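Down below is the structure, laid out as C-alpha coordinates.
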Amino acid sequence: DTIVGERGALLSGGERQRLALARAILRRPRLLVLDEAMNAIDAGSETLLLGRIAALDPRPTILMISHRAESMATCDQVIRVEGGVVAG
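Sequential numbering from 34 applies to the sequence shown in the numbering used here.
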(Lines of atoms letter the chains of each structure in order from A and count residues from 1; the text may use other names and numbers.)
(Lines give C-alpha, C1' and ligand atoms only; values in the text may rest on other atoms or scores of the structure.)
Protein backbone atom coordinates (compact mmCIF):
# COMPACT_ATOMS: atom_id res chain seq x y z
CA ASP A 1 0.00 0.00 0.00
CA THR A 2 1.40 3.35 -1.06
CA ILE A 3 0.02 6.78 -0.30
CA VAL A 4 -0.23 8.69 -3.58
CA GLY A 5 -1.85 11.87 -2.28
CA GLU A 6 -4.91 13.76 -3.44
CA ARG A 7 -5.39 13.10 -7.18
CA GLY A 8 -1.94 11.46 -7.33
CA ALA A 9 -0.11 14.57 -6.12
CA LEU A 10 2.76 12.50 -4.71
CA LEU A 11 3.38 10.65 -7.99
CA SER A 12 5.97 11.75 -10.54
CA GLY A 13 4.87 12.66 -14.06
CA GLY A 14 6.15 9.33 -15.38
CA GLU A 15 4.33 7.40 -12.66
CA ARG A 16 1.09 9.21 -13.51
CA GLN A 17 1.53 8.40 -17.19
CA ARG A 18 2.22 4.71 -16.50
CA LEU A 19 -0.85 4.53 -14.26
CA ALA A 20 -3.04 6.21 -16.91
CA LEU A 21 -1.74 3.79 -19.57
CA ALA A 22 -2.42 0.80 -17.33
CA ARG A 23 -5.98 1.98 -16.72
CA ALA A 24 -6.55 2.50 -20.44
CA ILE A 25 -5.15 -0.93 -21.35
CA LEU A 26 -7.27 -2.69 -18.73
CA ARG A 27 -10.36 -1.45 -20.57
CA ARG A 28 -9.25 -3.52 -23.62
CA PRO A 29 -9.97 -0.77 -26.15
CA ARG A 30 -10.16 -1.48 -29.88
CA LEU A 31 -8.57 1.95 -30.47
CA LEU A 32 -5.91 3.33 -28.14
CA VAL A 33 -4.92 6.99 -28.68
CA LEU A 34 -1.54 7.86 -27.18
CA ASP A 35 -1.03 11.63 -27.46
CA GLU A 36 2.43 12.37 -26.05
CA ALA A 37 1.70 9.51 -23.64
CA MET A 38 5.39 8.74 -23.07
CA ASN A 39 6.87 12.24 -22.73
CA ALA A 40 7.56 11.93 -18.97
CA ILE A 41 8.68 8.29 -19.11
CA ASP A 42 12.35 7.32 -19.43
CA ALA A 43 13.49 5.56 -22.63
CA GLY A 44 13.89 2.14 -21.00
CA SER A 45 10.40 2.17 -19.50
CA GLU A 46 8.97 3.46 -22.78
CA THR A 47 10.51 0.57 -24.72
CA LEU A 48 9.15 -1.92 -22.18
CA LEU A 49 5.66 -0.38 -22.21
CA LEU A 50 5.44 -0.23 -26.01
CA GLY A 51 6.57 -3.85 -26.22
CA ARG A 52 3.87 -4.89 -23.75
CA ILE A 53 1.22 -2.92 -25.64
CA ALA A 54 2.31 -4.54 -28.93
CA ALA A 55 1.97 -7.98 -27.32
CA LEU A 56 -1.66 -7.45 -26.23
CA ASP A 57 -4.12 -10.00 -27.53
CA PRO A 58 -6.25 -8.81 -29.16
CA ARG A 59 -3.93 -5.98 -30.17
CA PRO A 60 -5.72 -2.64 -30.32
CA THR A 61 -5.27 -0.18 -33.17
CA ILE A 62 -2.93 2.46 -31.77
CA LEU A 63 -2.80 6.08 -32.87
CA MET A 64 0.40 7.49 -31.40
CA ILE A 65 1.23 11.19 -31.46
CA SER A 66 4.77 12.07 -30.39
CA HIS A 67 7.61 14.51 -30.95
CA ARG A 68 10.14 11.77 -30.09
CA ALA A 69 11.26 9.67 -33.06
CA GLU A 70 12.25 6.86 -30.67
CA SER A 71 8.60 6.50 -29.68
CA MET A 72 7.73 5.56 -33.25
CA ALA A 73 10.16 2.60 -33.45
CA THR A 74 7.42 0.00 -32.91
CA CYS A 75 4.87 1.63 -35.23
CA ASP A 76 3.78 -0.18 -38.40
CA GLN A 77 3.15 3.09 -40.21
CA VAL A 78 4.46 6.59 -39.47
CA ILE A 79 3.07 9.83 -40.85
CA ARG A 80 5.29 12.84 -40.21
CA VAL A 81 3.83 16.33 -40.01
CA GLU A 82 6.12 19.34 -40.42
CA GLY A 83 4.78 22.87 -40.25
CA GLY A 84 1.21 21.59 -40.37
CA VAL A 85 1.85 19.65 -43.62
CA VAL A 86 2.09 15.86 -44.02
CA ALA A 87 5.77 15.20 -44.81
CA GLY A 88 5.89 11.43 -45.15
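By construction, the Cβ of each residue, glycine as well, lies at the ideal position given by its N, Cα and C atoms. All of these numbers come straight from a predicted model, not from anything done at the bench.
Legend entry - Span separating the alpha-carbon of residue 116 from that of residue 35: Here residue 116 is taken as the residue at index 83 of the sequence shown, counted from 1. Here residue 35 is taken as the residue at index 2 of the sequence shown, counted from 1. Using only the alpha carbons, I get a separation of about 44 Å.
Legend entry - Beta bridge counterpart(s) of residue 65 as assigned by DSSP: By one-based count along the sequence shown, residue 65 stands at place 32. 95, per the DSSP bridge assignment.
Legend entry - Given residue 79 as reference, the closest of 119, 65, 58 and 105 once Cα atoms are compared: The count along the sequence shown starts at 1 and reaches residue 79 at position 46. Residue 79 has its Cα closest to that of 105, out of 119, 65, 58 and 105.
Legend entry - Contacts around residue 95, its chain only, beta-carbon distance under 6 Å, and the 5 residues preceding and following it disregarded: To locate residue 95, count along the sequence shown from 1; it is residue 62. Hits under 6 Å: 65.
Legend entry - Beta-carbon proximity check, residue 88 vs residue 47, cutoff 7 Å: In the sequence shown, counting from the first residue as 1, residue 88 sits at position 55. In the sequence shown, counting from the first residue as 1, residue 47 sits at position 14. No, these two residues do not count as a Cβ contact at 7 Å.
Legend entry - Cα-Cα separation, residue 67 to residue 83: The residue labelled residue 67 in the question sits at position 34 within the sequence shown. The residue labelled residue 83 in the question sits at position 50 within the sequence shown. Just so you know, the alpha carbons of residue 67 and residue 83 end up roughly 11 Å apart.
Inset, instruction - Within the same chain, show all residues whose beta-carbon is closer than 7 Å to that of residue 93, passing over the 5 residues directly before and after it, in chain order. - result: Residue mapping note: residue 93 aligns to position 60 of the sequence shown, counting from 1. Correct list, in chain order: 62, 63, 64 and 65.
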